[in-house]
Each structure stands twice: as structure tokens, then as C-alpha cells.
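Numbers in this note's numbering are just positions in the sequence shown, counted from 1, shifted up by 17.
Quick reminder that beta carbons are idealized off the backbone N, C-alpha and C, glycines included.
Model, not experiment: these values are computed from the prediction.
Shown next, in C-alpha cells, is the structure this report addresses.
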Amino acid sequence: MRQSPFLLRLELLIGSLAILILAQAFNGGLSLASLDTLYTRSIVSGARVVGNDLVLKLEGAVRFGKSIESFYGMPKVLAGVHKDMPELSGVYVAMPDGAVVHSLNPDQTGTTLADLAGTDAAHAFNETTSDEPVVLAHASRHIVLFPIRGPDKSLAGMLALAFPDAVVDQRIEQGLVTNLRMLAISTGAAALLLALGLFSFLRIRADGSFSRVRLYVVLLVALGGAQIFYSASNITFFREQYLDISHTAAKKLTALVERDIEGLLDKGVAIDKLRRIETSLSHIVHATPEVRDIAVLGIDSRVLNLADGDGAVTDPQRLAAATQVERGYAVTLPLERQDKGGEVSEGFIQVRLSKAAIAAAIREIILDAATVAVIAILFLVEMSILFMIYAHKAAARRPAASNASEATGGPSLYGVIRPVAFLFLFAIDMSLSFIPLRMEELYAPMLGLSKDIILGLPISVEMGAAGLVVALSGPWIDKRGWLEPFVTGLVLCAVGYFFSGAAGTAVQFIAARGFVGLGYGLGLMATQGFVIANTGPEEKARGITHMFAGVYAGSLCGGAAGAMLAQRLGYGPVFYVASAILVLVVLCAVLFLRGSARSKAPANQPQRSPEQPARPALSLRGLLRFMTNRDVFALAMLSILPSALVLIGFLNYLLPIYLKRTGATQSDIGRILMIYGVCLIYVAPFIGRLVDESNRKRLYITLSGVIGAAGMLVYYVWGGLPAAAAAVLLLGVSASFGFASQNAYALNLRITRELGESTAIGLTNAVERLGQVLGPLMFGWVIAVAGLQHGVTFTGVGYLALTILFIVIARETRTMSRVSAPE
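Now the structure itself:
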């Protein structure tokens, strides 16, 4: 029965609405995690104010020889802290060894901070650590820890303020109303634009075909517009919320200082005789980054005392300018003295907020929100690609649509694997951020190993199993096709993820991650096998880069989604969700890609003639012959191995350590590393087209090495955050050239076709895995011997030298001309 254009439009509308809802839900979920962070920060900000106030009083008592353990009137003091901040569920004062000597709840006196706040609490501070408060999460509570210093800066004790997660949840519920309203508006508007675009703008021809450009325009305007509108409204909302948080904290701080000064005034101290008060005020400013300075003003608004984070301010110009305040950036309260006739006004206390500090914090919030938007758009793009495949399949089902089905077969069949690879890696990397944390929950001593080594065992076993399968799975794919090992791999992953969630012991968890590693290696090799089987010589670079674009997009989005779910649901449920997604991918692959299960080369792929000898059986001699081939050896040892050493050693090992030492936040590090992934997602496919259209694959491999070496040298010459970003960008472009050209070069070699293409790619991938393992070790050794700056320089020069050696040794391969299909 012939399908009407109306029904086809309706089918496209339903599919696009499903993509819209998925994309908006994904963005909304990530924004919910941002709300959690924002409101946790607001409560921590209030805790810092009341905590620093108590710490200053306790440190003052210690300086006068009083003991924290026998501090007189502590129950009343702790009750006052709770009155100042009713959200607190616990206030604890502990000795340096973590023993709790005072508590808001007397029953908890005599316990330890390790019991109340987790094992990390007892070791949070020592004589060398900074005085910055430490925030910990334990047993459905957040705990803010403060060091109490003695006269010689030794650790005299610790203060802990605890508030339940339910307090954060209550504030999230209040902010969620505004957030959901914006989400509903953007989703409703996008749905209307989709309907108008698909029924008015998109033209469907008699044969069921339609313009891909017009469909892309509809999706871009409707779906992209919804994402941009919602993300922009989030940025505005988060900015306003942070300003409100800062102002509220300033009010609380001003009220505490007002109370302390009024206590002195009530004792008969004149407001212009507050000696050395600048020292206390300076401590408060130093402990509160959002505060610029604190001033005591006379009744005539003349500045009597002024202090900033560095101490007392005596410069006449600064004293004169202290009363010049910008609206919204200062809090002023009256100072009054109790007299027989009532309250007598003596002056004012003024707290000015630091505009620079608040601007920096808002900039960080905007960058975080923008990062969320980028990840959400990555998800949207991959879902849109999946939708386009679905749309052309829907058009191809029409009887007259034989000419409209090219998008799902022929030269571009490899594009189908990109959304499959995306969903595969989305599920695999959902646990990326918390595998060691889950292992810590299950930790038990084993084999005499240190705790740090045991915590790393799940990842080591997973990666080791993946590397083993990558090296050995090629012959299976060459012989049986890609689908069988792909399904087997994903089933292993699904089983491994299910038992990762169900594991009750460390050994069970490690074993489960081993299953995940076996499945991951097999599934990843099978996706490459799909590309190899469904591309001709002039399409392999594009096919490989499209597949890896899906891999990296899935990794970025899956890691973000997994962290978001873990924060709300805990670690266990995330493993089950990942397992369910993997089962869904298996079902989709079996149902929709069964026809390419044992795909032969397309018409443009050279076929073996009947008189050509059959491929010999795989043997150790054949493997050695392949690896010792001049071109293969040059590719593996002078390009693939050094590029893997540099990329993983620099990106995953050296760069995070260096940036952390320079004061970069964890968010900054994550954003910079995202540049690499974005290059492989969006730059690599275009480079793949250039490589496919060129007969000089060796030139692009050389270009990859030169750009990678340049990235290392840029980092050495400039240094700092911008240089790190530029280095990662160059390494991303280098990897884009490398992934496209290295595989295309290897697949064009005659010895590769003789051995088996998937087998050969498995061996080169094993060399790459070896480089990834050795990269951090090599960088650690080079830096230990030559230092950070010179070590990076030597590595970059060495990489460049190996690249030059490659172009000298390797011979250029020529892409075999297309063969006409039989008539």
C-alpha cells in the first residue's frame, strides 16, 4: 500500500519529537546537576561564614593558653552557631587526632570525625596544609571542615559543620520550578517549529524522497534553537542565583561582625577606640574570598577602621574611597550601644563585596553552564544523525523510492555505525567518573597490596582484558563478519555492567569489570570491522573517523550522564542503566543491521579474482612477516606507537598534573581536555574526506606527527592555561590526521589484505594500546630526569625526529582505482 506524504510527514514529526524530548531531557538532567552544585555551594558559603567566626574565637582562646578540650561554655557557643545557621544538623569540635571533644549533640562527644564525616576527615589538615575549609560528603550529609591553628600555626584542633543533603534538595525544588518552566517553553516552541517546518517547509517528492538540506535546516532551527534558548536562560538564572547567594552570605557575615562589635560597645568601649580590631577584621576578609574589605564607620560615616585580606588599611586615599560603594556590592548595618534609655546609635559596620572575585566566580559558573550546553549539543547532533538515518529508511519504504534509499546503503553505509558507536560508548563510559569510588566502597585488603593499588585494579583489569581482545579478535571478524563478535562483545559488557551493580565484594567487582573489558575490546574492534567491510579504498579514512567521532561523542556524553545519575541515584543504579542501554543497542543492531552481518566489500572495493590464491591460514610466521614488513614496521613503531605515547602521556598524565599545580580548577582541566574530543568528533571526519581523496596517505601521517610535535613545543614556549588549550587543540588536530591516515595507509598495504584486514587492524591497535600504557610511564621518567619544561621539549623533538624517520623509511601506497560494477 502506497504511503501518503502526510503519513510520512507525521512519521518524521513523531521521530523528531522523540529526539527533541531526549535532547531536552538530557540537557535538563545536566542542568539539575548544576543546580545541585550551585545550592550546595550556597549552603557551604553560609557555613564558611559562621564557621570562620567560631574558628577565630577558638584560635584567640588558644593563643591565650586555653585548652580546646576544656573550653568553658562550649555548649552555649555551639547552640549559638546552630541558631545562626539552623540548617546545620551537627557541629563538632575535634582534637588534631580526630577525637570529638564537643558536639551540638552530647551523645556524639567521644566519637571520632572518621565516624561522623568519613575516613578522609581525620587527615584533612596538618601543619603544611592551607587554612581553606574542606568539604566532604558522607552518609547523606555534607561536612565543612575548618582547621584551628595554634600560635605557631600548628594544628590545635578541627571544627566540623554538617548539613543534610535534604536541605540542598529543598532549595533545588524551589529553583527547579523556574528551570522547568524555561525547559517547557523551549520544548513547546521547538515542537511547534518542527510541525511547521515538516508540514510547510519540507517538500516530499512523488517517489518519497526529500531534500536532506531542508530537513537539516528544520532540525537545526527547532532543536538547536531549543537547546540554545534553554542554555542561555540557565546561564542567566545561575548568575542571578550566585549574586543572591553572595549577598546573603555578606548579610550573614555583616550581622556576625555587628554583634561582636556591639558587644564591645555595650562594655563601654568607644567606637573610635576599637584598638587592633583590624586584625580580626582582616582574618575574616582573608577567609571569605567574596569580601573586599570591612570598615567601621562613625555616626558621621567617617571611616574609623578599615581592613582587607592583607591587614589594616591606613592609606588616606583608600580610607576616603572606602565609603564609595556600588549598588548590590555592599552591606551596611547600624552599630548600636545598649543604654538605660534604650539603644544609642554609634556608627555603622560596612562590608564591601569584591567585584573581581564575584566576576571570576560568575565567569566560572557561565563556563560550567556553557560546558553543559556543549555536551547537550553533542548529544543532540548524534541523535539527529540517528534520526536522519531513520528518516531516509522511512522514505525508502515507499514503493517508488528506490532512488531515495542511497543514504542507507552503498558508499555511505559506514555512516550507520556512528550512532551505534555513540550509544555503545555512551553506555560504557557512564561509570567513567566513579569506578575507583565504587571500589573504595567495597574495599577489602587483598594479596598484601596497598589500598591505592587495589582501588586501581578494576580499571587495570578492564583495560588489560580490552587490550588482549583487541589483539586477538581480528581473525574472528575476518572469518565470521562483524555482527557476531559485536553482539557477543555487547552481551559481555551488559553482563559485566549488571554484575558491577550487583557486586557485593571487591573481588566480584573486579571480575565484573573484566567482563566489561572483554566486551568493550570485542565491540570496538567489531565496529571497525563494520567500516572495513562496508567501505572501498577511497572511503576507509572517512569511515574510521566517522566511527571514532561517534565513539568520542558517546564517551563525553555518557560520562556526563553517568556522573549526573550517580549524584542523584547512587553508583549501583547507573550500572543497571548502562546494562539496559547495551541490551537495547544489541537488539537494534540485530534488527536493523542484520543485512550487513557478513558484508563483503562494496562494488568499488577490489575483489579477489578466482585465480588469485586464497588467503593463507593465520600463523605465527604470518604475524611476524606482517609486523616486520618495512611499511608496517615504520607505521607501527615510528607513527602509531609514538603518537599514542605522546597523546596519552601528555593529555591524561602530564597536563592534569601541570594545570593543577598552576592553580587551574578541575572544571578548567575538564574543559581543556574536551577540546581534544571535540576535534575528533567534528574535525576528524572532514580530514578523513581529504585523506580518502588523496593518494598520499604518508604525507598526512607525517603532517600528524609535525602538528603533534608543534603542540608540545607551543606548551613549552608559552606555558599557562592558554598554551595548554592551544597544545590540546593541536594534539586534537594531529590525532584527527593520524586516525584518518594511519588506518587508511595500513588498509591499502598488500600485506594487510593478505593477512586479513581486521587481523591487521587488531595488531596495529595492540601497538597503540601499548603506547597508551607506556605513555604516562615515559613522561614520568623523562620529567624525573630532565624536569618538566625540558622533558616536554625533548619529547616533542623526539616525536618530530621519529616522524621524519617515518617518511624516510615508509613507502607511499597508492589507492587502487575504483572498479566498475558489472553491468
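- Pairing residue 299 with residue 325 gives a Cβ-Cβ distance under 8 Å.
- Annotation: the continuous alpha helix (DSSP H) that includes residue 650 extends over 647-652.
- Scanning the segment 709-793 from its first residue to its last, the whole alpha helix (DSSP H) runs of 4-plus residues come out as 714-735, 737-764, 767-772.
- Residue pairing by DSSP places residue 175 opposite 111, 164 in a beta bridge.
- Residue pairing by DSSP puts residue 353 in a beta bridge opposite 362.
- The C-alpha of residue 96 is placed about 52 Å away from the C-alpha of residue 695.
- Cβ atoms of residue 308 and residue 398 stay farther apart than 8 Å, at about 43 Å.
- As the crow flies, the alpha-carbon of residue 581 is around 13 Å from that of residue 594.
- A residue is called buried when at least 16 other Cβ atoms come within 10 angstroms of its Cβ; residue 463 does not meet this threshold and is exposed.
- About 7 Å separates the CB atoms of residue 704 and residue 562; that is less than 8 Å, so the two are in contact.
- Of the residues assessed, residue 123 falls on the exposed side of the cut-off, its CB having fewer than 16 other CB atoms within 10 angstroms.
- Listed in chain order, the non-local C-beta contacts of residue 196 below 8 Å within the same chain comprise 45, 48, 49, 52, 251, 254, local neighbours out to five positions each way being set aside.
- Taking 8 Å as the cut-off, the beta carbon of residue 748 is found closer than this to the beta carbon of residue 664.
- Between the segment 166-185 and the segment 215-223, the count of C-beta pairs closer than 8 Å stays below three; the two stretches do not touch.
- In this model, residue 289 and residue 330 are separated by some 16 Å (Cα to Cα).
- In its chain, beyond the 5 residues on either side, 63, 64, 67 have a beta carbon closer than 7 Å to the beta carbon of residue 102.
- Taking C-alpha positions only, residue 372 is separated from residue 314 by approximately 21 Å.
- The straight-line gap separating the alpha-carbon atoms of residue 166 and residue 83 is approximately 13 Å.
- Annotation: the continuous beta strand (DSSP E) that includes residue 310 extends over 308-315.
- With fewer than three CB-CB distances shorter than 8 Å, the segment 543-555 does not count as touching the segment 525-532.
- Following the DSSP letters along the chain, one finds residue 325 inside the beta strand (DSSP E) bounded by residues 320-325.
- The alpha carbon of residue 69 has as its nearest neighbour, out of 775, 206, 306, the alpha carbon of 306.
- Spanning the alpha carbons of residue 714 and residue 490 requires a straight line of approximately 26 Å.
- As DSSP reads the structure, residue 129 sits in a beta bridge with 116.
- DSSP places residue 518 in the helix class (H, G or I) of the three-state scheme.
- DSSP, reduced to helix, strand and coil, places residue 329 within a strand of the structure shown.
- Its chain contains 557, 558, 708, 714 as the residues whose beta carbon lies nearer than 6 Å to that of residue 761, once the 5 sequence neighbours on both sides are disregarded; these appear in chain order.
- In the three-state reduction of the DSSP assignment, residue 376 falls in the helix class, which pools H, G and I.
- Counting only residues of its own chain and dropping the five nearest sequence neighbours on each side, residue 644 has a CB closer than 8 Å to the CB of 650, 653, 780.
- Here residue 81 is exposed, its C-beta having fewer than 16 other C-beta atoms within 10 Å.
- When DSSP states are grouped into helix, strand and coil, residue 369 belongs to the strand group.
- Under the DSSP assignment, residue 437 falls in the alpha helix (DSSP H) whose first and last residues are 434-445.
- Membership of residue 153 in the beta strand (DSSP E) is indicated by the continuous run 151-155.
- Distances from the CA of residue 161 to each of 142, 169, 168 were compared; the closest alpha carbon is that of 142.
- Look at residue 221 here: in three-state DSSP terms it is strand.
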